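Asks: Dumping the structure here so I can ask a few things about it.
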Amino acid sequence: MKIDVVSLFPKMFESVFEESMIGRAVKNKILELDIHNLRDWAIDDYGTVDDKPFGGGAGMLIRADVVYEAINGVKAQNLKFKFPNKTKKKKGNTKLRRDPSRADRSTHLRATARVAPTKTGNDRPVIKVVVLSAKGERYTQKKAEELSRLDNLILLCGHYEGFDQRVMDYMVDEVISIGDYVLTGGEIPAMILIDSVTRLLPDVLGKEESKEIDSFSEVKIKGKKVRKVEYPQYTRPREFMGYEVPEILLSGDHERIKKWREAKTRCR
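Right, dumping it as structure tokens:
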């Protein structure tokens, strides 16, 4: 899978994506990550990407024409990318790929008359462009699973007062929110989304079953699929400040432990 992030603050992602599970996924070439600076598609040499809203109001909006060129440019770059088999694992470097030169991007943009389509045939990669915004659909585990099946995911991180509405209306496939609260930008929501999607990719986690028994996994109860919240778990010490591990977990009776865990698992 390939994920592209378009942000005004690309350096925010560097240390996050070079560590832990995501770092290993990049190293093993299960995941390809490109972080793009939105100012590379600015309208002038001063790096301008925003403007005042028509009709007045506080703050600045990210311009639709800048986002148009950014989406167009990222898709044009990805035409050269060979999307690997998702289950194939290869060794590689942990470093995140940098953008090509601005001159290279300009060549791509001149060659493309409009934003490349995201609907693709069976012989082409499946691509989605997503905006991270509080105005969007609430993000869920089900949505993470859906996105993990894509070949290419392009994430647009908003800032200031957000994007010109025409970006959401005409240029992207989905608008996603991680919750009903306000953040300074879309970078942290993008990190959350990437983390939740990456762990669902084949060979990323140590054991395939760890995804199935994880929090918010899907199970069948009386033939109906429901979402479950994981049972409580404990480790050493057995007693801490007077709080003890449930005795049943120390019994060695695997059948009783299984039933206890099932009883403690909440469904919703």
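Per the numbering used here, the sequence shown starts with residue 6, numbered consecutively. Glycine included, C-beta positions come from ideal geometry on N, C-alpha and C. If you're wondering where the values come from, they're calculated on a predicted model, not measured in any experiment.
1. Excluding the five sequence neighbours on either side, which residues of its own chain have a C-beta within less than 7 Å of the C-beta of Ala149, listed in chain order?
2. Indicate the three-state DSSP secondary structure (helix, strand or coil) for Ser153 in the structure shown.
3. State the DSSP-derived secondary structure class of Ala139, mapped to helix, strand or coil.
4. Going by DSSP, what residues sit across from Arg271 in a beta bridge?
5. Kindly indicate which residue of Glu179, Gly247, Gly191, Leu255 has the alpha-carbon position closest to the one of Tyr239.
6. Kindly identify the DSSP beta-bridge partner or partners of Val10.
7. When the Cβ atoms of the region 28-39 are set against those of the region 69-76, are three or more pairs found closer than 8 Å?
8. Can you tell me which residues form a DSSP beta bridge with Ile27?
9. Of all the options Val134, Tyr144, Glu166, which has the alpha carbon lying nearest to the alpha carbon of Gly62?
10. So, helix, strand or coil for Leu254, using DSSP?
11. Which residue's Cα is closest to the Cα of Asn157: Val180, Lys133, Glu179?
12. Any contact between the region 51-58 and the region 24-32? By contact I mean 3 or more CB pairs, one from each, below 8 Å.
13. Alpha carbon to alpha carbon, how far is Pro242 from Arg261? Give it in angstroms, no decimals.
14. Which residues mark the beginning and the end of the alpha helix (DSSP H) in which Val21 is found?
15. Any idea what DSSP makes of Lys87, helix, strand or coil?
16. Evaluate contact between the region 62-71 and the region 43-51, counting only Cβ atoms and requiring at least three cross-stretch pairs below 8 Å.
17. Have a look at Asp9 and Tyr248 and give me their C-alpha separation to the nearest angstrom.
18. Quick check on DSSP: helix, strand or coil for Glu166?
19. Considering just the uninterrupted stretch of the alpha helix (DSSP H) at Val197, what are its terminal residues?
20. On a CA-only basis, which of Met65, Pro237, Lys140, Ile199 is nearest Ala30? Give me that one, please.
21. Going by C-alpha to C-alpha distance, which of Pro130, Gly64, Val234, Lys7 sits closest to Thr2?
22. Would you mind sorting Met6 into buried or exposed? The rule is 16 or more other CB atoms within 10 Å of its CB.
23. Quick check: Val136 and Val187, are their CB atoms within less than 8 Å of each other?
24. Exposed or buried, which one is Gly211 when buried takes at least 16 other CB atoms within 10 Å?
25. Under a Cβ-count criterion, where at least 16 other Cβ atoms within 10 Å of its own Cβ denotes burial, should Ile253 be classed as buried or exposed?
26. Short of 6 Å in beta carbon distance, which residues of its chain neighbour Arg266, apart from the five on each side in sequence? Order them along the chain.
27. DSSP three-state label for Asp56, please.
28. What number of angstroms, rounded off, separates the C-alpha of Met196 from the C-alpha of Phe14?
29. Confirm, please, whether the CB-CB distance from Phe168 to Leu66 is below 8 Å.
Replies: With the given structure in hand:
1. Ser201, Val202, Leu205
2. coil
3. strand
4. Val234
5. Leu255
6. Ile40, Leu160
7. no
8. None; Ile27 has no bridge partner.
9. Glu166
10. helix
11. Lys133
12. no
13. 22 Å
14. 19-22
15. coil
16. yes
17. 46 Å
18. coil
19. The sequence given here has Ile at residue 197, not Val. Run containing Ile197: 192-203, per the alpha helix (DSSP H) assignment.
20. Ile199
21. Because residue 2 is not part of the residues shown, which for the chain are 6 to 273, the question remains open.
22. buried
23. no
24. exposed
25. exposed
26. Tyr236
27. strand
28. 13 Å
29. yes
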